[in-house]
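Enquirer: In this note's numbering, the protein residues as written are 259 to 510.
Note that the Cβ used here is the ideal one computed from N, Cα and C, for glycine as well.
All values derive from a computational prediction rather than experimental measurement.
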Amino acid sequence: MKVIAKRPESLTQQAFHYCPGCTHGIIHRLVAEVIDELGEGGPAVGIAPVGCSVLAYEYFNLDMIQASHGRAPAVATGVKRALPDCIVFTYQGDGDLAAIGLSEIVHAALRGENFTVIFVNNAIYGMTGGQIAPTTLPGQKTTTSPLGRDTVLSGNPIKVCELLATQEGPAYLSRVSVHSPAQVRRARKAIQKAFEVQRKKQGFSLVEILSTCPTNWGLDPLKSLEWLEKEMLPRYPLGEFRTPGGEENGSL
Numbered sequence: 259m260k261v262i263a264k265r266p267e268s269l270t271q272q273a274f275h276y277c278p279g280c281t282h283g284i285i286h287r288l289v290a291e292v293i294d295e296l297g298e299g300g301p302a303v304g305i306a307p308v309g310c311s312v313l314a315y316e317y318f319n320l321d322m323i324q325a326s327h328g329r330a331p332a333v334a335t336g337v338k339r340a341l342p343d344c345i346v347f348t349y350q351g352d353g354d355l356a357a358i359g360l361s362e363i364v365h366a367a368l369r370g371e372n373f374t375v376i377f378v379n380n381a382i383y384g385m386t387g388g389q390i391a392p393t394t395l396p397g398q399k400t401t402t403s404p405l406g407r408d409t410v411l412s413g414n415p416i417k418v419c420e421l422l423a424t425q426e427g428p429a430y431l432s433r434v435s436v437h438s439p440a441q442v443r444r445a446r447k448a449i450q451k452a453f454e455v456q457r458k459k460q461g462f463s464l465v466e467i468l469s470t471c472p473t474n475w476g477l478d479p480l481k482s483l484e485w486l487e488k489e490m491l492p493r494y495p496l497g498e499f500r501t502p503g504g505e506e507n508g509s510l
């Protein structure tokens, strides 16, 4: 019988622990599929810090390293410099990367470190109880902003791709989403591009993926996908913000 689809070799058989409707599982699969395709390029090492993806080492059938909160880029820097021919990636949420780890990601990008960042943005702290995050939208309700994010008190959301695109270090910066099948396919293409940039030793690459958090958003899975499309896309436009060829805001 011809096999049409199968579980990627780079994923274990462990069932995901994520909440119903959470799109971490989709993103895990996309990363694993791309790593499978890069199999001839040698081994891969993933680094996951604190957050909903803290148990990623149970799901990826790879060498995985657990980093302190926000410090995955520093760990990835050490691994990549020690093993320059190894595919190295970090898998980070917005609370981890854009809050306690913001300095780490900025300086790794400035140095042009040759690893790939998978940045999952669901606009909220997921694992720790749904608090306001650096990417939380204006007016968005969280456990620490029950009346909605007040930009006078908390400032405006951080746009990570736009921030890093002002610097010379990054080679590839892209923002995608997984709220529909078409967008999932585009996300896969962006992840593939990012790993190819690393494989060609062109420098730092980051793919920001807009994701859902039904539990902490207080919505069912379907409504969460609709909320992402309606509320997050205007604030976080999709596209490529830096490519090795120099074209920006191109389509995937």
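1) Kindly indicate which three-state DSSP category A381 falls into: helix, strand or coil?
2) Can you tell me where the beta strand (DSSP E) with E489 in it begins and where it stops?
3) When you compare the segment 410-422 with the segment 335-345, are there three or more beta-carbon pairs, one atom per stretch, that lie closer than 8 Å?
4) Using a Cβ-Cβ cutoff of less than 6 Å, which residues in the same chain neighbour M385 once the five nearest sequence positions on both sides are dropped?
5) Locate the beta strand (DSSP E) running through D294, then write down its first and last residues.
6) Assuming I252 and A306 make a contact with CB atoms under 8 Å, what is their CB distance in whole Å?
7) Of all the options R446, N380, Q456, which has the alpha carbon lying nearest to the alpha carbon of E489?
8) Among the candidates G397, Y276, G283, I416, whose CA atom is the shortest distance from the CA of G359?
9) Grouping DSSP H, G and I as helix and E and B as strand, with all else coil, what is F274?
10) Look at the Cβ atom of D408, then the Cβ atom of G279, and state whether they are nearer than 8 Å.
11) Decide if T401 is buried, meaning its Cβ has at least 16 other Cβ atoms within 10 Å, or exposed.
12) Count Cβ pairs between the segment 318-330 and the segment 433-453 that sit closer than 8 Å; are there 3 or more?
13) Which same chain residues end up closer than 6 Å to Y383 when comparing Cβ atoms and leaving out the 5 residues on each side of it in sequence?
14) At which residues does the alpha helix (DSSP H) containing V418 begin and terminate?
15) Is it right to say K264 is buried, meaning 16 or more other beta carbons lie within 10 angstroms of its own, or is it exposed?
16) Within the same chain, show all residues whose beta-carbon is closer than 6 Å to that of E487, passing over the 5 residues directly before and after it, in chain order.
Expert: Inspection of the coordinates gives the following:
1) Here the question's residue 381 lines up with position 123 in the sequence shown. Note: A381 maps to coil in three-state DSSP.
2) If you number the sequence shown from 1, residue 489 lands on position 231. Per DSSP, E489 lies in no beta strand (DSSP E) segment and is marked neither H nor E.
3) No: the two stretches stay apart, fewer than three of their Cβ pairs being nearer than 8 Å.
4) In the sequence shown, the residue the question calls residue 385 occupies position 127. Hits under 6 Å: G309, C310.
5) Within the sequence shown, the letter at position 36 stands for residue 294. Per DSSP, D294 lies in no beta strand (DSSP E) segment; the continuous alpha helix (DSSP H) that holds it begins and ends at 282-295.
6) The chain is shown from 259 up to 510; residue 252 falls before or after that span and cannot be answered.
7) Residue 489 sits at position 231 when you count from the first residue of the sequence shown. It is N380 whose Cα lies nearest to the Cα of E489.
8) The residue labelled residue 359 in the question sits at position 101 within the sequence shown. The option with the nearest alpha carbon to G359 is I416.
9) The sequence position of residue 274 within the sequence shown is 16, counting from 1. Coil.
10) Counting from 1 along the sequence shown, the entry for residue 408 is found at position 150. Counting from 1 along the sequence shown, the entry for residue 279 is found at position 21. Cβ distance not < 8 Å, so D408 and G279 don't count as in contact.
11) Counting from one through the sequence shown, the residue named residue 401 turns up at place 143. Residue burial is scored here from C-beta neighbours: T401 has fewer than 16 other C-beta atoms within 10 angstroms and is therefore classed as exposed.
12) With a cut-off of 8 Å, the segment 433-453 and the segment 318-330 do not count as touching, because too few Cβ pairs lie within range.
13) As a working note, residue 383 is residue 125 in the sequence shown. The residues G353, Q389, A391, in chain order, have a CB closer than 6 Å to that of Y383 in the same chain once the five nearest residues on each side in sequence are set aside.
14) In the sequence shown, counting from the first residue as 1, residue 418 sits at position 160. Start and end: 418-423.
15) Start at 1 with the first residue of the sequence shown, and residue 264 comes out as number 6. Around the C-beta of K264, fewer than 16 other C-beta atoms lie within 10 Å, and the residue is accordingly described as exposed.
16) Counted from its first residue, the sequence shown places residue 487 at position 229. Only H437 meet the Cβ criterion.
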